[in-house]
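For the sequence shown, full-length UniProt numbering gives the first residue as 1, with consecutive numbering after it. Where a beta carbon is used, it is the ideal one built from N, C-alpha and C, also for glycine. Input: a single structure, listed below in structure tokens.
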Amino acid sequence: MDMANPPICQQHGVDYTEVFASVARMDTDRMIIALAAQRNWTIYQLDVKLAFLHGELSEEVFVEQPRGYEQKDNPHKVYKLKKALYGLKQAPRAWFSRIEAHFVNEGFERCHNEHTLFVKTIKGGKILILSLYVDDLIFTGNDESMFYEFKSSMMREFDMTDLGKIRYFLGFEVLQKTDGIYISKKKYALDVLKRFGMEESNSIHSPIVTSFKVFKDENGVKVDATFFKQMTAKRVFGYLRGTTNLGIFYKKGGNDKLVVFTNSDYVGDLEDRKSTSGYVFMLSSGAVSWSSKKQPVVSLSIIEAEFIAATSCACQPVWMRRILEKLGHTQGNCTIVFCD
Numbered sequence: 001m002d003m004a005n006p007p008i009c010q011q012h013g014v015d016y017t018e019v020f021a022s023v024a025r026m027d028t029d030r031m032i033i034a035l036a037a038q039r040n041w042t043i044y045q046l047d048v049k050l051a052f053l054h055g056e057l058s059e060e061v062f063v064e065q066p067r068g069y070e071q072k073d074n075p076h077k078v079y080k081l082k083k084a085l086y087g088l089k090q091a092p093r094a095w096f097s098r099i100e101a102h103f104v105n106e107g108f109e110r111c112h113n114e115h116t117l118f119v120k121t122i123k124g125g126k127i128l129i130l131s132l133y134v135d136d137l138i139f140t141g142n143d144e145s146m147f148y149e150f151k152s153s154m155m156r157e158f159d160m161t162d163l164g165k166i167r168y169f170l171g172f173e174v175l176q177k178t179d180g181i182y183i184s185k186k187k188y189a190l191d192v193l194k195r196f197g198m199e200e201s202n203s204i205h206s207p208i209v210t211s212f213k214v215f216k217d218e219n220g221v222k223v224d225a226t227f228f229k230q231m232t233a234k235r236v237f238g239y240l241r242g243t244t245n246l247g248i249f250y251k252k253g254g255n256d257k258l259v260v261f262t263n264s265d266y267v268g269d270l271e272d273r274k275s276t277s278g279y280v281f282m283l284s285s286g287a288v289s290w291s292s293k294k295q296p297v298v299s300l301s302i303i304e305a306e307f308i309a310a311t312s313c314a315c316q317p318v319w320m321r322r323i324l325e326k327l328g329h330t331q332g333n334c335t336i337v338f339c340d
């Protein structure tokens, strides 16, 4: 195709439509890890090499001739792509559609509440669970033969790297032990400290001074907002330095019920007078989901702030119970939310 003035970048609605690709929530992965620890399952990891190149395009996409590979006789012509290419806005979506179709063809069922979670069950109570995050995937279950068949089918279809037992996934380290599974972000925290030259900072065990209220300094000196957001504050580095050896341990045979705690901080923001909601969900004796965020409205009393926090918290276990049911870990009774 001849194109004297090709567009510099893709134009939405012209060159592509859907470009998003689902990615797994960290809450989902932590629930899988907690369940594996509970039932003494082993978690394995696979990595897809050049994942986006496996995606198949549904649109016609043209690119300029690569620098150094131009055809001298046809300098104004462009290439028509047959498959997705790194840099294309629809490449992640094309890849996800491709691998999702493969999972379905292999007998997996996609979870409607978490589109990157796939489960395969066969007679005898055998189950295989996998979670996909772009080109990284983890899988676990109760039958080694299903692991072998799954890895074989993936190797035949894609160029894969078998990473064996999961060790490092999405920034956190995973240690599978006989009595449970331990996860931490020690390496990530140390990398952040090294990046800003704070490896030798003093250790602090709280990210902010207890009972200290943050407020806006209208007369303060203007700083680089981007750099400040990257490094947050010096005390936070001290907090990272003092907590690098901490993590979460999910016990083998630990509590198999969701345990929920919620609370609020009344008028935590002195500027807009808004309160803060917080919650934490426990499974297999370890935290699997947590949140601390400012409430969208101004509460007129402490009890109102507590009600808002409890209400927002109650939405989370509805979704989590559905995920656990898909994983074969149905919560028989109601989930009790403990609040102040």
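At a Cβ-Cβ threshold of 7 Å, F281 and L258 count as neighbours.
In this structure, DSSP gives H205 a state outside helix and strand, which the three-state scheme calls coil.
Take the alpha-carbon of A287 and the one of H76: they are about 58 Å apart. Positions of the beta strand (DSSP E) runs, each at least 3 residues long and wholly inside the region 219-263, are given as 247-251 in order along the chain. Selection A233, L163, R195, F228 evaluated against V209 yields A233 as nearest (Cα-Cα).
The beta-carbon distance between D47 and D136, rounded to whole angstroms, is 6 Å. This is short enough to meet the 8 Å contact definition. The DSSP assignment places no complete alpha helix (DSSP H) segment of no fewer than 4 residues inside the region 145-169. Contact between A225 and S277 does not hold, since their C-beta atoms are separated by about 26 Å, which reaches or exceeds 8 Å. Counting only the Cα atoms, M198 lies some 31 Å from D29.
Rounded to the nearest whole angstrom, the C-alpha separation of F158 and C111 is 23 Å. If the five residues before and after P207 are omitted, its C-beta is found closer than 6 Å to the C-beta atoms of V236, Y239, all from its own chain and listed in chain order. Around the beta carbon of T116, 16 or more other beta carbons sit within 10 angstroms, so the residue counts as buried. In terms of Cα proximity to A84, the closest of E59, P66, V104, A101 is E59. Membership of Y188 in the alpha helix (DSSP H) is indicated by the continuous run 186-195. At a cut-off of 3 residues, the continuous stretches assigned as beta strand (DSSP E) that sit fully inside the region 33-100 are 44-48.
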